[in-house]
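In mature numbering (1 follows the signal peptide of the UniProt record, and there is no 0), the protein residues as written are -28 to -1, 1 to 85.
Beta carbons: idealized from backbone N, C-alpha and C, even for Gly.
These notes concern the structure reproduced below.
Here it is as structure tokens:
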């Protein structure tokens, strides 16, 4: 599955990321994933889990995934992160997640090819 592929039900929102499952209970529906974000998901491919885990848990990101993140582009990265922080389970950590997302972007942009 791709990053930020969403499955919704009336009482649960599930975020599926390459085998990482985050479940929250909420009656609010998540914002829809646009065609642009879907294209971004395709570009980041299997590196989505690494990037996500780096943002939420400061996990290590490989050089290959850094290169893929930069290839995906800043607008895609920012769009996916904005979508992430709009989800009910991540709203309380918005400032922290945005800072972490900028940190990983800056780091990956500095990794030489």
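Check                                                                                                                                                       : Outcome
Determine the direct distance from the alpha carbon of residue 16 to that of residue 63, and round the result to whole angstroms.                           : 23 Å
Can you tell me the Cα-Cα spacing of residue 72 and residue 85, whole angstroms?                                                                            : 22 Å
Residues in the same chain with beta-carbon distance under 8 Å from residue 40, minus the five sequence neighbours each way, listed in chain order, please. : 15, 16, 17, 19
Helix, strand or coil for residue 62 per DSSP?                                                                                                              : coil
Can you grab the Cα-Cα spacing for the pair residue 9 / residue 75, in whole Å?                                                                             : 21 Å
For residue 45, which of helix, strand or coil comes out of DSSP?                                                                                           : coil
Using the C-alpha atoms, what's the distance from residue 25 back to residue 68?                                                                            : 13 Å
Which residue comes first and which comes last in the alpha helix (DSSP H) that contains residue 26?                                                        : 20 to 29
Relative to the alpha-carbon of residue 47, which residue among 12, 38, 61, 83 has its alpha-carbon at the smallest distance?                               : 12
What do you reckon, is the C-beta of residue 20 under 7 Å from a heavy atom of the ligand GDP?                                                              : The ligand content of the structure shown is nil, which means the ligand GDP is not present either.
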